[in-house]
Structure formats: structure tokens, C-alpha cells
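Residue numbers (the numbering used here), protein chains in the order written: chain S, 40 to 377; chain X, 40 to 377; chain E, 40 to 377; chain U, 40 to 377. Glycine included, C-beta positions come from ideal geometry on N, C-alpha and C. Just below is one structure, and these are the notes that go with it.
Protein chains: 4
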Amino acid sequence: MIITCKKGAPQEEINKIIHNFESQGLEVTLSRGANYNVFGIVGDTTVVDERKIRANKWIEDVTRIGAPYKKVNRLFHPEDSVIDVAGIKIGGMEKIVVIGGPCSVEGREEICNIAEAVKDAGACMLRGGAYKPRTSPYAFQGLGTEGIEYMVEAKKNTGLPIVSELMSADKIDEFVEHVDLIQVGARNMQNFDLLKALGKINKPILLKRGLSNTVEEWLMSAEYIMAGGNENIILCERGIRTFERCTRNTLDLSVVPIIKRKSHLPIIIDPSHATGDWELVESMSLAAIAAGADGLIIEVHNNPECAWSDGAQSLKPDKFKTMIEKGRVIAEVVGRGM
Amino acid sequence: MIITCKKGAPQEEINKIIHNFESQGLEVTLSRGANYNVFGIVGDTTVVDERKIRANKWIEDVTRIGAPYKKVNRLFHPEDSVIDVAGIKIGGMEKIVVIGGPCSVEGREEICNIAEAVKDAGACMLRGGAYKPRTSPYAFQGLGTEGIEYMVEAKKNTGLPIVSELMSADKIDEFVEHVDLIQVGARNMQNFDLLKALGKINKPILLKRGLSNTVEEWLMSAEYIMAGGNENIILCERGIRTFERCTRNTLDLSVVPIIKRKSHLPIIIDPSHATGDWELVESMSLAAIAAGADGLIIEVHNNPECAWSDGAQSLKPDKFKTMIEKGRVIAEVVGRGM
Amino acid sequence: MIITCKKGAPQEEINKIIHNFESQGLEVTLSRGANYNVFGIVGDTTVVDERKIRANKWIEDVTRIGAPYKKVNRLFHPEDSVIDVAGIKIGGMEKIVVIGGPCSVEGREEICNIAEAVKDAGACMLRGGAYKPRTSPYAFQGLGTEGIEYMVEAKKNTGLPIVSELMSADKIDEFVEHVDLIQVGARNMQNFDLLKALGKINKPILLKRGLSNTVEEWLMSAEYIMAGGNENIILCERGIRTFERCTRNTLDLSVVPIIKRKSHLPIIIDPSHATGDWELVESMSLAAIAAGADGLIIEVHNNPECAWSDGAQSLKPDKFKTMIEKGRVIAEVVGRGM
Amino acid sequence: MIITCKKGAPQEEINKIIHNFESQGLEVTLSRGANYNVFGIVGDTTVVDERKIRANKWIEDVTRIGAPYKKVNRLFHPEDSVIDVAGIKIGGMEKIVVIGGPCSVEGREEICNIAEAVKDAGACMLRGGAYKPRTSPYAFQGLGTEGIEYMVEAKKNTGLPIVSELMSADKIDEFVEHVDLIQVGARNMQNFDLLKALGKINKPILLKRGLSNTVEEWLMSAEYIMAGGNENIILCERGIRTFERCTRNTLDLSVVPIIKRKSHLPIIIDPSHATGDWELVESMSLAAIAAGADGLIIEVHNNPECAWSDGAQSLKPDKFKTMIEKGRVIAEVVGRGM
């Protein structure tokens, strides 16, 4: 951590700052220039609060050198983490996983049919929303418990583990009992009370990146869960909010190699929410595989025009199957199965 | 609502689309051009889900004409809403309210001292965080219930109503009992389960704009609370996330007249979180008043250098007082007291 | 084009608006709702200025249905354009082109050596900057004419056509004489005087997307060149500016299928400037090929640590070669040579 | 400047880096931690190119402590610069200037009428575009030289100095002869050839901030002009591009105190382009004055509905006059005349 003092900071203030850090067991070195005094702070700075330092009026700037996260940091955990979701392994050099299914669970028959279809196409896990975060209070809010029950039935029929989004801590028991991979949606990435609650269970968590959250904030949210004791985390990029409006969001594929560098956690891509447009899903899925992603989560619907939500971004099963076939060839190029 | 069909859409599809809307009680008109067919949909389109329409492969684009919100919409409620917070009135042509206090409650004595100081300076309400949303799991998370108790004590001493942030629905009872204005933080603006829970009480809600949420999404979150039955909402702009990094966030003051045009709800400004820099707080506060804001919420600390959080953006009480004095003169120019 | 009038617009105003459009040869239909009057305007609306319409105080909103561009629009030119750059064909189902070379030309020997190296690795064109747009006036500004001369020499030695950036219209003659593909940099994407000048020549133009320009603005800049008479345009995505800072810019690969849908022009990707980080270049290059890009432009330097500019994002020739070999296998998956 | 080396960097590399800086006359100190080596570089680092340092594979990160600009830096020029535009003084504690006029010059009579109107309302300078940067090649491109002539005539009639936008260096002579304050538009903020050309004249320059340029880039563009020898620069904030679309751009008023802290140059605000909406111009103008701006540049048109460009954001003269009257009272609060 590097701290710059303003020109003219009195020696007394400088001594106070040095003493403050030394009393926390950190080592301090001081360089003096004509216009600045610069401190270098060496040691475990993850506990230091930058904004607290800035409160001193003599401080010009604070720059963190080491990352503010520990448990998710590849520096302290050089091997890839491989997460086990009901027997499916994700991460490392394991096969690239493909998760398919509808945005919302709409009924027993519908989800069971799609489950068969995505399994036939080559998916190894089923997605489906029972609790839906909707911008409008007047939009369909999901079937709730009934939706989870239908998912469980689809799992029984096909053997596919199931993924679903948890929106509040009071439903954790239901999810721990029935859901194999618990999704934290983009809008809840910094719902810290929810993250803390998820740190106390040991079901795998699918942590989506917030609409406008930096990679560092995303990793800090994963750190919340790991700090609580749950180390089964899979990250999911689903597009960020930018000035561009011809796609729903902007898919940031460069996070794939970035996450691999900074962390040991697996990362999968959601091209459906990222683009909001089924015609872009195949090309972005192939690109994600080529970029090194550990998996894909894709919206599939038998009849997108009648979907209760997000039909515009859902693939039909045959298109989903074609994508997987092409994807397998690209997976080989990057040394992976799929 | 305007819907464009692609060139070559078969008559049968067009008829299906028309029928679909008419069966919802909406009126449809069709214009045909060389390259497009355009439908105009007239009626109560708040219940129509745009993304569902887009799922039809013949649909090129969907444009909403009327706003997707009703209860927050000024069109259907032309007079300003005035919200009563324990006797303090906010909105309309009422006095501009000034809320002051620390980021976090740090102790009984500290909050009681600041409460006296902000009251002396001219504030009419006290802010203080007991439950703190922190990016890092290793940072101070707030005193919790103890913090609320100290706030209540500060209120007893000074008579100032209190504002504090609620982070999860399981603490609602505590807040309804003790807190006068319940804050929903930026990171929870789209925590829909929390919004629904707040719709069922009738305490006033201070709804902060999310870091990268549009005005429309913000109003939709207010609509969630109003749709649940709680009409006591005050909006709060606290800066948005942009590419610029020399301020913590970018304060978007143009939302003041925009909100006044689109909604009847009051809007206040938080220049402390918006800029993250106490040296900018006075100028942005004066600008907010000049722009027509209904109030200010400002971080004040007796000793910012020792604050447990956000000291860098806290004003000392004397600077806070100076700001209020200047602000009063500007308030007069825009026809308001303060 | 759809125009919404505010509630209460007098009939006289409405008639005036209708007459205004009809006098431009456009067809107008009017739908009336309880709160809005909506006009549909059908015909060639590319000449209509949206902002001029909005100046009428009774106008609520204006929505363009047809695109504001014609010559770049795939609707009016359904086949892919294939651009010929000194015998190399770009676009359609032609081979994916790879352009390699240094950020800046630094000397005769250096550029000639890199030219040999990129040719050996499999590149079919040489890039190199002679005129450099630098944020700081104190940074190296490029060798200018001398740099162009060295590029020409490297071309003679290797047969590789050359690409270089033109920064102002007064150097057009030099570029027309010596450069095979004239690059317009991101910062000049809306330097309209430069675009107009380039419309009058018929050398191929490589038009980079601006840091924060929408796809529509980008296509409008291409339209400027085409409207002037030069139809030889290749688009180049090089990352956009977002809130994220762990990459230099955010590479927006979804523009590949978007551009293919909206326009007939070829599109290539610059992963070097997009990421600013050579360690990300291979994965983003492979992703770009998988996404359907028509080519890649990549910074290659024999000794990146000593590069005069942008060494941090330059590949060494051996890594460049490895990337091309992997890329060829992916190109096959998407049905292309490389 | 602070440079972090990766863990395991060989001593030889570290020595090489130290030697490299010392040979440029800079002083180097080294701190070693368990996972990092950190160099502090002290001296005139404005000439050091960060991206060149990053090219070394052992470098983890580079942080600039001192600003990369010198001549615009308040550190080396503590007093406010006051710029003289044909006798009107801008900056320091001089009167707040108000510049009014149409977006485009449309004709002799039109500009002369508006000039009288803005003078009557209290403006001290006249704006008007003769060369217009338009997104579409099919939109009105300005009257060119004819427009400048009409501006000159309006100046003769009213005595108001004139402001107009220069789009390319080949028109500099015309502007030096006739225009009092030469505007560089947002889209040309990083047209470095144009900036260099403007460094060689000594007419005052109005440098608008680019749509998505940081404050540092903006100051670096001013540095280009000052480094060339022209120290007469006025900065102009005109809104930045963000995700929000209910205003044309997002007005960033916090740059007013930020620019005052970092630089000695005056800053004025353009609320017309920032909001794109005349109904927001008054409130944003008053806010700008309260925030400490040195002036305003506002679009005024006698008949906005018929304006050839940007009518939607133009005030009528009476509204412009009302705004100035209110503004004067606020100016007093911040200790300025207007």
C-alpha cells in the first residue's frame, strides 16, 4: 500500500501516520520528494481501510498494491479450484459444463419437457427460475415453491442437477434441500446479508457479477462467502451496463483470463442475459469457450414466443444442440472436453 | 407502445399480434411502410411485458410511449407529494430539509455529541448507520441493534427524528419501532423482496438510487413500494458510476428537475457519497439547492480522521454550519425556506 | 419514425406537424390515446432530424424505426461487402485476415525485422504507426514521413500490404501514395472533416470505433465516408470505455454479430488496444474468431520491454505464431480459412 | 511514481529498472515485502511513459503520484488564471460570464436578432456555430464562412465578442481573424493535430471536455495547447456519456471544484448540450453558478421550434433573461458578480 502526503505535511503528522501503521504490525518506509512524501506500507494490508486513511487532511492519495481479498486470491491458492455440483465437476481442466433451461419455470409439463430437450442436446445441468427479480411489480414474479417442486421433478426424470436463483435469506432452507447450485443474481451481488447467510451453508453458489460491479468488487463478494466458510463458489459473467444499447448489456469476455489470473475459482458465461438476443447467443457461446470459460449457462425454451419472461433471449432446443456441437470442436482447441 | 414488425412478416403473424393485444383490452392501429409494419398500441400498457413481445421473431423493435409506472407517475397525480417524517415535512414547497450525521454510529457519546452539533448547525434530522453494507467482509460492519439504541438516545436528547439504513427484511420490526425514516441503500435498490416488505408498512422510506440504475428503474423500485400500499417515499440521488474516477461517483443533479417532471415524489441529494470528498460537499450542496432539491443528507463527524468509515467524505460541524448558512440564501432564490 | 405528442396538444399544432411531414413526401398516420397522440411517419426518414422535431414543446418523444444510415445498411445491400486491400480480400467468406506489427515504427531495421517475423508467423498485412495520437504532449509522437518510408521498405522486402493511422487531412496525399489501408483512429471517429476528405479517395479505410461511441454512431461515421463516394470500409472494434479498470478498455465482441446483422461491411478486432495487456491477447483473439470476425489486428514487437509505445500490450513473434495456429482450427469451426 | 515488481523478480531485473530511472535523473527507493518489491520514483516524472514501464513482464503495476501535466497544474501556478476575451475577463474572482446564442448560425437577420436579444437579457458574449459537427452526413453542416461573416456583423451591431467552433486546422486563419474565442468541440478534444496548431496562435481557446474523457485527459489536452505556447485556455464541461438516457448526457458539476483544485484555468458550463432539454437549462445553470463555475454558455433561439439544429435544448430570450436574473442573486452568495 502506497500513501502520498501533501506538500507541507508537518513532521508530527507524518510521525503519527507511521506510528499508526507500525502499531498494526505493518512495515513503513518513507520517500521524500520536492512536492510529496510517499509512504510504502508492507505486510498484510487486507485489514486496512483505505477510506479511513484518506480522512486525514494531509493525505493526498492511497494506492493498494496487494489485492484486498485473500481466500479467493490465486496468489495464496495457486491451483484451480474444482467445484462439485451433485457429481458434476466445474473448473480446472474438467469438461466445460453446459447448463440449459428456461428463464422462469412456468409449469410441471413445460419444465419437464425442456429438461428432456436440454439433456438430449448435451446439457449436464438444468436451470430454471422459481423466484424472479423483475423490474416491474406488475410483471410475473415466479411460481415460488411450486416452481422448485417442478424443478425437482424434472431432475428426477432426467438426472440433471438443478440451478435456481435465491432472492432472500428466508428461503435458504428450501434451496439447501432441493437445489444443487444456488444462484445469487446480479442485483443481489452486494446484498451482503444474503452473502453472509450463504457463507454458513456448504452448497455450491453461482455468483453472478453485478450490472456495474468491478472485478474487484465481484471477488470481494466471493470473499464474503468464503470468509463465512463456504468455499464452493462459481463465478458467472452476464454482461455489464455500458452506454451501448444495441445489446441488453455488454458481455465482458476479457474477465475470463482476468479471473483465471487473479483467482482460483471457476468462471462460466451467461450469453443469454448478456446480449438479451437469441441470435447472438451462439456466437457469444463459442467465443466464451475459445476465451477459456469453464462453462455456459443458456436460456432454452421450447416455444420462446410464449415464454413468460425473457423469450427474446431464449434458444430453441435444436439451436442449442447445434451450438453445443460446434462448441465441442472449439473446446478441443483450448484443450478441454465439453 | 409502438411495435415494429420485420419486412415480410406474414399476414397471419400480424393478425395474431393484433389479436393478442386486443384480447388484453388494448386498441391497435397498424401503419405499413415499404420496409416495416408498425403497430401503435393504445391503452393501459403498464401490464405489457416488452421482452415477451420481442420473443416473436418477426418483431424488430418495441418502444414504450407511456411510462411503465403508475402510482409514482405525475401524470396521474399532478400535485407534489409531501412526506411527513415524525412531523418534519418534505417535498412540495415545504422547507428544504437538511439531514446530518455520521456514516456509522460508533458509540453512545459520539452519536449524541454529533446529534447536538448537527442540530446547532441547523439540521432537522439525524442520520447514522447501524447496519453497514461494506465491500469487504473484513471491514467494520456496524454496531447493529446497539447502534439503533444509541440513535434513539440521541433522538431523545435532541428531538431530531432519525434516519438509518435497513439491509434485510428480518430487521423491519426493529426499524418500524425505532427509526423515523428507513433508508434503502443504493446496493439494495433492486432487492425486490426487501421492497415488497417495505410496501406493507407505513413508515417513510428513503430510496437511494442504485449505482448504475436508470431513473426509470429507480421509479419502478418506488412503484414496488407504492404498489404494496406504502406511499411515503422520498427519493435520494447519491451519485452514479461512470468512467470518471477523480470523484467516488458522478453526482447527477439533472435528476432533480427530471424527477419533478416524471413523479410527484420528493427528491433529496447526498453529496457526501456522491463525491466521496468533503472538500466538494459544500459546492455540491449549494448546487443541489439551486437545482431545486427538496433536501440534503450529509455526513458530519466531529473528528473525521478517526471515523470508523467514510471519514474522507465527512464535514466537521463548523463547515456543515457554514454550508447551511450559504444554502439558506440560495433556497430563497428558488422560493424555498431551509 | 414514431412521434408522441403531449396530452392537450391543440388540434392546430397537430395539423402543423402532419403538414410538415407530408410536405417532405412522408406518409403520416395518427393514433389517439387518453394521454397521448402518436404519429407514425413512413417513408425515407433518413433525412429527418430527430432533434429538430423535439424542439416543438408539444412533442413528448421521437423514436426512429428505420436506421438513420442507408449506404452501410444491410437492408439495402444484402450481400456481404468484400474489401480488396492490395490483393488481400477481407469480408464475406474470405479467409480471416491477420494484421501484425508494432504500435509505432521506431526505425528501419526494427520495422523490417518485425515485418519478416509477422510474415513468418502467418500474418498477411503489416501494421505500424508513423503518426501517433498520444494523450501527453511530452510522449513520443511518431516518426512521421520517415516512419512511412520505413513501412514502405518493409513492404518491399516482404510483400505485405501496410496499414497506418492518418491523423489529419493534410497528409492524405502521402497516405494515398504509400499506405494500402488507411486507419482512422478511435479518437478521430467523429472527426467529420477527416471523414469527408476520405470519402473523396478510393483507398480502403480501417475505421476504428470511438472509445464511447455507439454502434449507430460508428455506422454513421462509415456512412459519411460512403456518402462521399468511397465504399471501401472495414470496421474495427478496439474496446469501449466502461467503469471497469482491470483492462484498458472493455472488448465488446457482441458487435461482431450485430454489425453483420445491420451492415454488409467487414469487421475486424483489435484485442491489443482493447485489453492493453499482452497476456489477454491470445484468448481474446480466439474468441473474436469464434464470434465470426473477419480479421484481427494485433501488436507484435520483437522486444516489447523496449517498445517506444504500448509495449505492455505487444506479443512477441513466437506467441503471435502460436495464436495464429490455434486460431486456424477455430476458423474452420466457423467455416472460414485463416 | 510507484512501481510494483512481481514476486520472484530476479535481482538483475531490479537493478536494471533502478538504473533506467536513475539515468533519467530520477531518485529511486526500494521497499521489499513478502510478495512484492515496490519502487518509489521521485523527481520530474511527467516525461516518464507509464505504459512503457508496464511492458516489462516483471512489473505488476504502476501508479503515478504527481500529475502528468505541468503547465495547467495549480501546484506550479497557484494563482487563478484570468483569460481576456476581447476585453471580457474570465476566471479568478471576475464576474461570471454568460455566453448566449444559437447552436447554428442560420442567416444574417436571425443571428443579428438573437445577438440583440441575448445582449438585452444580460449576456456578454455571443455564440454561434458556422461549422457544425453532425453525426449524420445528411444533416445540415453549417453555413461555413458565410456563417462567420454574419457573426462578425452581429458583433459590429452589438459589441459582443463572438465564440465559434473550429473543426479543422485549415480554417485557423479565418478564426484568428474573426473569432474572439475559438471553441474546440467535445469530439475534437483529442484531435491532437488541431490542439498543436492552436498552441501556435494566441487567441483564447474554449476547450470542451470529450463525451467520455476523464478530467486528467482533458487537462492533458489543455497541456498540449499550453505546451505549444498558447496559455489562453478556458475549460468547458458539457456533459459526459453514461448509461442514463433520460438526459442527452450527464452534467458532471463536481468537475467545477475538482478543476479549481487541480488547475488554475477557468471553467464554464454548457447546460444546453449537457441536458439536451431546455426545460432543464435554468436549474442546471443556477446549480453551476452555486457550484462555483466561472461562466455559462447557453443556447438561445428566437424560435426554437424552427431551429436548424438543437432546437430542443434552446431557451427563448425571455427565459434566458429570467435565468440570468436569478443567477445574479446566487452569484452574490458565492461572492461573485454576474
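request  = Could you work out which residues of chain S lie near residue 100 of chain U, taking near to mean beta carbons separated by less than 9 Å?
outcome  = Ordered by position in chain S, the residues that pass the 9 Å Cβ test against residue 100 of chain U are 102, 104.
task = Determine the contact status of residue 250 of chain E and residue 293 of chain S, defining contact as a CB-CB distance below 7 Å.
result = Judged by beta-carbon spacing, residue 293 of chain S lies beyond the 7 Å limit of residue 250 of chain E, meaning their Cβ atoms are not closer than that value.
query = Are any of the Cβ atoms in chain E nearer than 7 Å to that of residue 275 of chain S?
reply = Chain E, which has no Cβ nearer than 7 Å to the Cβ of residue 275 of chain S, makes this no.
request  = Could you name the residues of the segment 185–209 of chain X whose beta carbon sits closer than 9 Å to any beta carbon of chain S, in the order they occur along the chain?
outcome  = Cβ contacts with chain S come from 206, 207, 208, 209.
query = So residue 50 of chain E is in the beta strand (DSSP E); what residue range does that whole segment cover?
reply = That residue, residue 50 of chain E, is in no beta strand (DSSP E); its alpha helix (DSSP H) goes 50–61.
query = Which ranges does the beta strand (DSSP E) cover as unbroken runs of at least 3 residues, wholly within the segment 214–245 of chain X, from first to last along the chain?
reply = The qualifying runs are 220–223.
key: Proximal residues, the segment 235–259 of chain X versus chain S, C-beta separation under 7 Å   = With the criterion set as a beta carbon lying under 7 Å from some beta carbon of chain S, the members of the segment 235–259 of chain X are 250, 251, 256, 259, in sequence order.
key: Cα-Cα separation, residue 174 of chain S to residue 243 of chain X   = Approximately 21 Å, taken between the alpha carbons.
ask   = Of the choices E:258, E:136, E:231, E:184, whose alpha-carbon is the least far from that of residue 207 of chain U?
value = Residue 207 of chain U has its Cα closest to that of E:231, out of E:258, E:136, E:231, E:184.
request  = Would you tell me roughly how many angstroms separate the C-alpha atoms of residue 192 of chain X and residue 158 of chain X, rounded to the nearest one?
outcome  = The straight-line gap from Cα to Cα measures roughly 14 Å.
ask   = What residues match up with residue 44 of chain X in a beta bridge as DSSP calls it?
value = According to DSSP, which records beta bridges pairwise, residue 44 of chain X is partnered with X:76, X:98.
ask   = When the Cα atoms are used, what is the spatial distance from residue 180 of chain U to residue 214 of chain U?
value = Computed Cα separation, rounded: 17 Å.
key: Backbone CA spacing between residue 88 of chain S and residue 76 of chain S [nearest angstrom]   = Counting only the Cα atoms, residue 76 of chain S lies some 20 Å from residue 88 of chain S.
message = Taking CB distances under 7 Å as the criterion, tell me whether residue 314 of chain U reaches chain X.
response = Against chain X, the CB of residue 314 of chain U has a partner CB under 7 Å away; the residue lies at that interface.
request  = With 7 Å as the C-beta to C-beta threshold (strictly closer), list the residues of the segment 287–299 of chain U near chain X in chain order.
outcome  = Those residues of the segment 287–299 of chain U that come within reach of chain X (Cβ to Cβ, closer than 7 Å) are 289, 290, 291, 292, 293, 295, 296, 297.
ask   = Secondary structure at residue 104 of chain X, three-state DSSP: helix, strand or coil?
value = Three-state result, residue 104 of chain X: coil.
task = Name the residue from E:304, E:171, E:355 whose alpha carbon lies nearest to the alpha carbon of residue 348 of chain E.
result = Looking at the Cα atoms, E:171 is the closest of the given residues.
inquiry  = Which runs of the beta strand (DSSP E) at least 3 residues long sit entirely within the segment 89–167 of chain E? Give them in chain order.
reply    = Runs of the beta strand (DSSP E) inside the segment 89–167 of chain E: 98–102, 122–124, 127–129, 136–140, 164–166.
query = Is the segment 129–142 of chain E close to the segment 152–169 of chain E, with three or more CB pairs under 8 Å?
reply = Between the segment 129–142 of chain E and the segment 152–169 of chain E, the count of Cβ pairs shorter than 8 Å is three or higher; the stretches touch.
key: residue 338 of chain U at chain E interface by Cβ criterion, 7 Å   = Chain E contact via Cβ: absent.
task = Could you say which of X:55, X:111, X:42 lies nearest to residue 81 of chain X if we only look at CA atoms?
result = Ranking X:55, X:111, X:42 by Cα distance to residue 81 of chain X puts X:42 first.
query = Can you list the residues of chain E that residue 70 of chain X reaches, using a CB-CB cut of under 7 Å?
reply = Neighbours of residue 70 of chain X on chain E, chain order: 68, 79, 81.
ask   = Got a sec: is the Cβ-Cβ distance from residue 89 of chain U to anything in chain X below 7 Å?
value = For residue 89 of chain U, no CB of chain X lies under 7 Å from its own CB, so it is not counted at the interface with that chain.
inquiry  = Just to confirm my understanding: we take residue 370 of chain U, look at its own chain, exclude 5 residues before and 5 after, and list those with CB closer than 7 Å. What are they?
reply    = Here the set comprises 135, 328, 376, 377.
request  = Please list the residues of the segment 322–352 of chain U that have a C-beta atom closer than 9 Å to any C-beta atom in chain X, keeping them in chain order.
outcome  = For the segment 322–352 of chain U, the residues whose beta carbon sits under 9 Å from a beta carbon of chain X are, in order, 322, 323, 324, 325, 326, 327, 328, 329, 330, 331.
key: Contact the segment 294–310 of chain X vs the segment 256–273 of chain X: 3+ CB pairs below 8 Å   = Yes: the two stretches touch, three or more of their Cβ pairs being nearer than 8 Å.
query = If we ignore side chains and look at the alpha-carbon of each, how far apart do residue 154 of chain E and residue 202 of chain E end up?
reply = For residue 154 of chain E and residue 202 of chain E, the distance between alpha carbons rounds to 12 Å.
task = Taking C-beta pairs closer than 7 Å, name the residues in chain E that residue 175 of chain U reaches, listed in chain order.
result = Residues of chain E passing the Cβ test: 107, 259.
ask   = Considering only the beta carbon of each residue, do residue 224 of chain X and residue 204 of chain X sit closer than 7 Å?
value = Against a cut-off of 7 Å, the Cβ pair of residue 204 of chain X and residue 224 of chain X comes out as a contact.
CB of residue 69 of chain X within 7 Å of CB of residue 78 of chain X, strictly = The Cβ atoms of residue 69 of chain X and residue 78 of chain X lie closer than 7 Å to each other.
ask   = residue 280 of chain E by DSSP, collapsed to three states: which one?
value = If DSSP states are grouped into helix, strand and coil, residue 280 of chain E belongs with coil.
message = So with CB distances below 7 Å, who are the chain X contacts of residue 262 of chain S?
response = Neighbours of residue 262 of chain S on chain X, chain order: 176.
key: Endpoints, the alpha helix (DSSP H) within which residue 256 of chain X is located   = Residues 254–267.
task = Return the first residue and the last residue of the beta strand (DSSP E) that residue 335 of chain S is part of.
result = Segment 334–338, the beta strand (DSSP E) holding residue 335 of chain S.
ask   = Going along chain U, which residues have a C-beta under 7 Å from residue 121 of chain X?
value = Chain-ordered listing is empty here: chain U has no CB closer than 7 Å to the CB of residue 121 of chain X, the nearest sitting near 20 Å.
inquiry  = In whole angstroms, give me the CA-to-CA distance for residue 147 of chain X and residue 190 of chain X.
reply    = Roughly 8 Å separates the two Cα atoms.
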